[in-house]
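J.:
Number of protein chains: 4
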Amino acid sequence: MGMPKISAVHGKREPEVKQQAVLDAALDIFAESGVFGASMPAIAKRAKVGTGTIYRYFPSKEALVNAVYLREKLMLRQILEAVQAHLAPKVAFDGIWKRLVDYVRRRPQGFRFLEMQDHLPYLDADSRALEAEILPGVAGFFAGLQHEGVVRRDLRPDVLLALIWGAFVNLFKAERGGYLRLTDSDIAAARDATWGMCLRGEQP
Amino acid sequence: MGMPKISAVHGKREPEVKQQAVLDAALDIFAESGVFGASMPAIAKRAKVGTGTIYRYFPSKEALVNAVYLREKLMLRQILEAVQAHLAPKVAFDGIWKRLVDYVRRRPQGFRFLEMQDHLPYLDADSRALEAEILPGVAGFFAGLQHEGVVRRDLRPDVLLALIWGAFVNLFKAERGGYLRLTDSDIAAARDATWGMCLRGEQP
Amino acid sequence: MGMPKISAVHGKREPEVKQQAVLDAALDIFAESGVFGASMPAIAKRAKVGTGTIYRYFPSKEALVNAVYLREKLMLRQILEAVQAHLAPKVAFDGIWKRLVDYVRRRPQGFRFLEMQDHLPYLDADSRALEAEILPGVAGFFAGLQHEGVVRRDLRPDVLLALIWGAFVNLFKAERGGYLRLTDSDIAAARDATWGMCLRGEQP
Amino acid sequence: MGMPKISAVHGKREPEVKQQAVLDAALDIFAESGVFGASMPAIAKRAKVGTGTIYRYFPSKEALVNAVYLREKLMLRQILEAVQAHLAPKVAFDGIWKRLVDYVRRRPQGFRFLEMQDHLPYLDADSRALEAEILPGVAGFFAGLQHEGVVRRDLRPDVLLALIWGAFVNLFKAERGGYLRLTDSDIAAARDATWGMCLRGEQP
DNA sequence: AATGAATGAGGCTTCATTCAT
DNA sequence: TATGAATGAAGCCTCATTCAT
Chain D
5 MGMPKISAVH
15 GKREPEVKQQ
25 AVLDAALDIF
35 AESGVFGASM
45 PAIAKRAKVG
55 TGTIYRYFPS
65 KEALVNAVYL
75 REKLMLRQIL
85 EAVQAHLAPK
95 VAFDGIWKRL
105 VDYVRRRPQG
115 FRFLEMQDHL
125 PYLDADSRAL
135 EAEILPGVAG
145 FFAGLQHEGV
155 VRRDLRPDVL
165 LALIWGAFVN
175 LFKAERGGYL
185 RLTDSDIAAA
195 RDATWGMCLR
205 GEQP
Chain Z
5 MGMPKISAVH
15 GKREPEVKQQ
25 AVLDAALDIF
35 AESGVFGASM
45 PAIAKRAKVG
55 TGTIYRYFPS
65 KEALVNAVYL
75 REKLMLRQIL
85 EAVQAHLAPK
95 VAFDGIWKRL
105 VDYVRRRPQG
115 FRFLEMQDHL
125 PYLDADSRAL
135 EAEILPGVAG
145 FFAGLQHEGV
155 VRRDLRPDVL
165 LALIWGAFVN
175 LFKAERGGYL
185 RLTDSDIAAA
195 RDATWGMCLR
205 GEQP
Chain U
5 MGMPKISAVH
15 GKREPEVKQQ
25 AVLDAALDIF
35 AESGVFGASM
45 PAIAKRAKVG
55 TGTIYRYFPS
65 KEALVNAVYL
75 REKLMLRQIL
85 EAVQAHLAPK
95 VAFDGIWKRL
105 VDYVRRRPQG
115 FRFLEMQDHL
125 PYLDADSRAL
135 EAEILPGVAG
145 FFAGLQHEGV
155 VRRDLRPDVL
165 LALIWGAFVN
175 LFKAERGGYL
185 RLTDSDIAAA
195 RDATWGMCLR
205 GEQP
Chain F
5 MGMPKISAVH
15 GKREPEVKQQ
25 AVLDAALDIF
35 AESGVFGASM
45 PAIAKRAKVG
55 TGTIYRYFPS
65 KEALVNAVYL
75 REKLMLRQIL
85 EAVQAHLAPK
95 VAFDGIWKRL
105 VDYVRRRPQG
115 FRFLEMQDHL
125 PYLDADSRAL
135 EAEILPGVAG
145 FFAGLQHEGV
155 VRRDLRPDVL
165 LALIWGAFVN
175 LFKAERGGYL
185 RLTDSDIAAA
195 RDATWGMCLR
205 GEQP
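Written out as structure tokens, the structure reads:
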């Protein structure tokens, strides 16, 4: 008599499914109420699991925060690593920009979670390492463009990247905060203006 | 040479002294650990007062957060309101930039406190009103430059402002996070690149 | 002979057990130290639960006080509502008196809690409503006796009730305070004397 | 040059005056908010003295509560001791009753303070001793009347006294609580009914 | 002696974490 | 393995008391 599927018959979800449910619920609540404002029982309820179940997958709230953080940051890394450097510079730039905008639109909570800074006190060494690891990749793209003379050379690539990233993030943070409503053409214009930071500046 | 003794004669150290000590300590700890991570006893200890003393000056933690917030935000308003619009555009822009950099250098904790967003759940109506009141002033400066044809017109001033502000903030956030070391010439180059966002872009 | 095992099978000791333990412990400590003098940790300790457990059943100290109050006051209402008005007046009166004495003997802390007045600042609308609802019923009994000419008519029923109730309460308050030892015949005599307040007075 | 009156010129009140001011303020606030609800700074403010000044006259809040208690209880003792036993019994009873009513009307806060029970946890040995000492005096009056055959003999005097006192107190407590409005004739009728407790009961 | 600012112990409450079922 | 009731440490805040002026 075959029995390996009883648990499936009973409807028990696979462990990974529960783990994802917890991550999703945590992200939602972190984005809504902040990391400090999110209680473990509230996360459990949203994930439709018992409070104790969370601790089967994550040893502490800190670990859960870091897991959520890593998941989002890894998505960002994927996006940023996919630079198509063989294309024309502006086209490649527009490509990254578009992928980032897609991410913001598809995962608003993920973006908001990263944009809020209240997870910082929770981040462990691994998370900080990932944070530090992402930027160099993209910086290389700009370094290449500087070498080609497309991008202004008076700016180190990591500084330029900090400016671009800050501009991008704050654009959508302002939208979320209710200070802006962004149309598609606003976003396109913002993209072009941001690209303007890269160009050799002919100051009037 | 007689020092003015009035305050000494009066005895009772002026209350403002302790109040400022509390505000300073709170700012320090908020910047270090976030608003949620800062306990009132820890703030009191840093301020070298008893816990109860804080409540003589601020009726609650929320009130203290708002007081810290208003103090910093008013400094920012002063800086941003001092746009010298009669000067050549780039000179005026450089002026604001310089004043902002001075602020960041003089009050790194204040800047960090504002940049972290975990105070948002604490802000009261007054604080939100001030927040909403600051940006329009600066946006007007860019609107004027657009009118004069100096600044690109495909971007609403508030969108442009969001980009510039984000670039500026993230530049120093990256430095604080240890991702960058900024020399004066880095900062100057960043300033010029940021100005590049304002210019009509002739995309190559 | 099988004992019903349902509750044991169910495991999780019924929540009512802990809730009652908290109510009982709270009543004890309220009666001993007054409501203000009772700390939540002390109540938890007496109930042999963790402090936090109280808050699973009662959202605040105020709610706990009201729950204790309602439980006792409802017992009193049951007693007072059971007037057997069809009996001879003195027999009916003796009946209520006996039931009240039984209550005082069975639940001395409950009686003392109600007799102390320091719970008043905690009472919510529901509790006040119950308080206001109890007296009219008993007052009606005396009003009926006045109509029949059994009870003196120079006294409004609610005034008479206040006198009787005060006499009864203080009798046992004095015992609790150690000013009196009450035998059964003392209590019977007190009952008859109190009934004397109801009678037409022929003053010598 | 005479100088002993300088302090009077300066308007400084005599120490006793301040002490009385504190007692009066404390009584007011105790009666309004309960003993636990009264903070020492609030009492000081009402008394128009500095907080520290209270501690010059009373070593602690407990001591202050006891002082207030003793002052009121001593007034009550004066009233109750002034039984004019040589008069006709009912006239003597009416006399005490009237003096008590006068006290309630003249010092409503004092009466309310005593009637509220939240000072009990504060009372020290002296206060408890005074409490125990007052009643016997009045009990003697009733014992005499029993001996004369005026008052029912099936009741020990101290039990009778407990009933009378409870009736009296609750009459005015009910008024204060808003359950009753008392006219002069209500009070006279209540007095006569209470006297009815003393009479030999001929139960119908 | 008088003041009131300062103090810190202690109370109420929340919530991350544990554990019996 | 999953649950959620139970726990108690820790946070915010009050207020009796002290003490510098």
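First to last, the protein sequences are chains D, Z, U and F.
Count along the first sequence from 1, add 4, and you get the number used in our numbering.
Count along the second sequence from 1, add 4, and you get the number used in our numbering.
Count along the third sequence from 1, add 4, and you get the number used in our numbering.
Count along the fourth sequence from 1, add 4, and you get the number used in our numbering.
By construction, the Cβ of each residue, glycine as well, lies at the ideal position given by its N, Cα and C atoms.
Because the structure is a prediction, the values reported are computed rather than measured.
From A71 of chain Z to S189 of chain Z, what does the alpha carbon distance come to, in whole angstroms?
T.: Taking the second sequence and counting its residues from 1, the one referred to as residue 71 of chain Z is at position 67. Taking the second sequence and counting its residues from 1, the one referred to as residue 189 of chain Z is at position 185. So the two alpha carbons sit approximately 35 angstroms from each other.
J.: For the stretch 165-176 of chain U, which residues have a beta carbon sitting closer than 8 angstroms to at least one beta carbon of chain F?
T.: A166, L167, I168, W169, G170, A171, F172, V173, N174, L175
J.: Taking the C-alpha atoms as reference points, what is the distance between G144 of chain F and K22 of chain U?
T.: Looking up residue 144 of chain F in the fourth sequence gives position 140. Looking up residue 22 of chain U in the third sequence gives position 18. Looking at the two C-alpha atoms, the distance is approximately 51 angstroms.
J.: By the criterion of Cβ-Cβ separation under 8 angstroms, what are the contact partners of G200 of chain F in chain U?
T.: Residue 200 of chain F sits at position 196 when you count from the first residue of the fourth sequence. What G200 of chain F touches in chain U: R156, G200, M201, C202, L203, G205.
J.: In chain D, what lies closer than 8 angstroms to S37 of chain Z by C-beta?
T.: Position 33 of the second sequence holds residue 37 of chain Z. The CB of S37 of chain Z comes closer than 8 angstroms to the CB of P125 in chain D, given here in chain order.
J.: Is DSSP giving P140 of chain Z helix, strand or coil here?
T.: Taking the first residue of the second sequence as 1, we reach residue 140 of chain Z at position 136. Taken through DSSP and simplified to helix, strand or coil, P140 of chain Z comes out as helix.
J.: Taking L84 of chain D as the reference, which of D:I138, D:F117, D:I33, D:Y59 has the closest Cα?
T.: Start at 1 with the first residue of the first sequence, and residue 84 of chain D comes out as number 80. Nearest of D:I138, D:F117, D:I33, D:Y59 to L84 of chain D, Cα basis: D:I138.
J.: Taking the alpha carbon of A194 of chain Z as the point to measure from, which residue in D:L165, D:K177, D:R180 has its own alpha carbon closest?
T.: Start at 1 with the first residue of the second sequence, and residue 194 of chain Z comes out as number 190. For the set D:L165, D:K177, D:R180, the Cα lying nearest the Cα of A194 of chain Z is the one of D:L165.
J.: Which whole runs of the alpha helix (DSSP H) in the stretch 98-138 of chain Z are 4 residues long or more, in chain order?
T.: 112-119
J.: Starting from the N-terminal side, write out each stretch of the alpha helix (DSSP H) that is 4 residues or longer and does not extend beyond the stretch 40-90 of chain Z.
T.: 44-51, 55-61, 65-85
J.: Between N174 of chain F and the ligand MN, is there a pair consisting of the residue's CB and a ligand heavy atom that are separated by less than 7 angstroms?
T.: Questions concerning the ligand MN fall outside what the structure shown contains, since it holds no ligand whatsoever.
J.: Is D158 of chain Z helix, strand or coil by DSSP?
T.: Walking along the second sequence from the start, residue 158 of chain Z turns up at place 154. In this structure, D158 of chain Z counts as coil in the three-state DSSP scheme.
J.: Tell me the rounded alpha-carbon separation between V69 of chain F and L134 of chain F.
T.: The residue given as residue 69 of chain F occupies position 65 in the fourth sequence. The residue given as residue 134 of chain F occupies position 130 in the fourth sequence. Computed Cα separation, rounded: 14 angstroms.
J.: In angstroms with no decimal places, state the Cα-to-Cα distance between R185 of chain D and Q121 of chain Z.
T.: For the purposes of this step, residue 185 of chain D is identified with residue 181 of the first sequence, where counting begins at 1. For the purposes of this step, residue 121 of chain Z is identified with residue 117 of the second sequence, where counting begins at 1. So the two alpha carbons sit approximately 20 angstroms from each other.
J.: Could you give the residue range of the alpha helix (DSSP H) that holds A193 of chain D?
T.: Position 189 of the first sequence, counting from 1, holds the residue named residue 193 of chain D. For A193 of chain D, the enclosing alpha helix (DSSP H) stretches over residues 188-200.
J.: Could you tell me whether the stretch 145-165 of chain D touches the stretch 175-184 of chain Z, where touching means 3 or more Cβ pairs closer than 8 angstroms?
T.: yes
J.: Quick test of the definition: if touching needs 3 or more C-beta pairs under 8 angstroms, does the stretch 32-43 of chain F touch the stretch 122-132 of chain U?
T.: yes
J.: Check whether the Cβ of L31 of chain U lies closer than 8 angstroms to any Cβ atom in chain F.
T.: Stepping through the third sequence from its first residue, residue 31 of chain U is reached at position 27. Output row for L31 of chain U: interface = no.
J.: Would you call the stretch 77-91 of chain F and the stretch 99-115 of chain F in contact, with 3 or more CB pairs under 8 angstroms?
T.: yes
J.: Determine the direct distance from the alpha carbon of G56 of chain D to that of E18 of chain D, and round the result to whole angstroms.
T.: Residue 18 of chain D sits at position 14 when you count from the first residue of the first sequence. Residue 56 of chain D sits at position 52 when you count from the first residue of the first sequence. Taking the straight line from one Cα to the other gives about 17 angstroms.
J.: Excluding five sequence neighbours on each side, which residues of the same chain lie with their C-beta closer than 7 angstroms to the C-beta of K94 of chain U?
T.: For this step, residue 94 of chain U is matched to residue 90 along the third sequence. Contacts found: W199.
J.: Note down, in chain order, every chain Z residue with its Cβ under 9 angstroms from the Cβ of A25 of chain D.
T.: Locating residue 25 of chain D in the first sequence gives position 21, where the first residue counts as 1. Simply none; closest approach about 26 angstroms.
J.: Between Z:R132, Z:L91, Z:L149, Z:F172, which lies nearest to Y183 of chain D when the distance is taken from Cα to Cα?
T.: Within the first sequence, numbered from 1, the residue matching residue 183 of chain D stands at position 179. Of the listed residues, the one whose Cα sits closest to Y183 of chain D is Z:R132.
J.: Quick check on DSSP: helix, strand or coil for R185 of chain U?
T.: Here residue 185 of chain U refers to the residue found at position 181 of the third sequence. Three-state DSSP puts R185 of chain U in coil, outside helix and strand.
J.: Could you name the residues of chain F that F40 of chain U contacts, counting a contact when the two beta carbons are closer than 9 angstroms?
T.: If you number the third sequence from 1, residue 40 of chain U lands on position 36. Ordered by position in chain F, the residues that pass the 9 angstroms Cβ test against F40 of chain U are G38, V39, F40, G41, D122, P125.
J.: Name the chain Z residues whose beta carbon is nearer than 8 angstroms to that of Y107 of chain D?
T.: To locate residue 107 of chain D, count along the first sequence from 1; it is residue 103. What Y107 of chain D touches in chain Z: nothing, since even the nearest Cβ is about 17 angstroms away.
J.: Among residues of its own chain, excluding the 5 on either side of A30 of chain U, which ones have a beta-carbon nearer than 6 angstroms to its beta-carbon?
T.: Indexing the third sequence from 1 puts residue 30 of chain U at position 26. Only I47, L68, V72 meet the Cβ criterion.
J.: Have a look at A192 of chain D and V105 of chain D and give me their C-alpha separation to the nearest angstrom.
T.: Counting from one through the first sequence, the residue named residue 192 of chain D turns up at place 188. Counting from one through the first sequence, the residue named residue 105 of chain D turns up at place 101. Their Cα atoms are separated by approximately 10 angstroms.
J.: Note down the Cα distance separating E76 of chain D from P112 of chain D, rounded to an integer number of angstroms.
T.: Mapped onto the first sequence, residue 76 of chain D falls at position 72. Mapped onto the first sequence, residue 112 of chain D falls at position 108. Taking the straight line joining both Cα atoms gives about 11 angstroms.
J.: Between R60 of chain D and D32 of chain D, is the Cβ-Cβ spacing less than 8 angstroms?
T.: The residue you call residue 60 of chain D lines up with position 56 of the first sequence. The residue you call residue 32 of chain D lines up with position 28 of the first sequence. Their beta carbons are not under 8 angstroms apart, which means R60 of chain D does not touch D32 of chain D by this criterion.
J.: Please classify L27 of chain F as buried or exposed, where buried requires at least 16 other C-beta atoms within 10 Å of its C-beta.
T.: The residue labelled residue 27 of chain F in the question sits at position 23 within the fourth sequence. With 16 or more other Cβ atoms within 10 Å, it is buried.
J.: Please look up how many angstroms separate the CB atoms of V173 of chain D and N174 of chain Z, rounded, as I've assumed it's under 8 angstroms.
T.: Residue numbering aside, residue 173 of chain D sits at position 169 when the first sequence is read from its first letter. Residue numbering aside, residue 174 of chain Z sits at position 170 when the second sequence is read from its first letter. The beta-carbon separation of V173 of chain D and N174 of chain Z, rounded to 7 angstroms, stays under the 8 angstroms limit for a contact.
J.: Go through its chain and collect everything with a Cβ distance to M201 of chain D's Cβ below 8 angstroms, but skip five positions before and after it.
T.: Mapped onto the first sequence, residue 201 of chain D falls at position 197. L164, L167, I168, A171, listed in sequence order.
J.: Rounded C-beta distance between L203 of chain U and R156 of chain U? I'm assuming under 8 angstroms.
T.: What you label residue 203 of chain U is simply residue 199 of the third sequence in a count that begins at 1. What you label residue 156 of chain U is simply residue 152 of the third sequence in a count that begins at 1. The Cβ separation is near 6 angstroms, so the contact holds.
J.: Select from the stretch 70-91 of chain U all residues with a C-beta closer than 7 angstroms to any C-beta belonging to chain F, and list them in chain order.
T.: none
J.: Quick one: using the 10 Å Cβ neighbour count with 16 as the cut-off for buried, is K16 of chain Z buried or exposed?
T.: Numbered from its first residue, the second sequence carries residue 16 of chain Z at position 12. For K16 of chain Z, the predicted structure reports a pLDDT of 48, less than 50, and the residue's modelled location is therefore unreliable. A value from the coordinates is still provided. It is exposed - the Cβ of K16 of chain Z has fewer than 16 other Cβ atoms within 10 Å.
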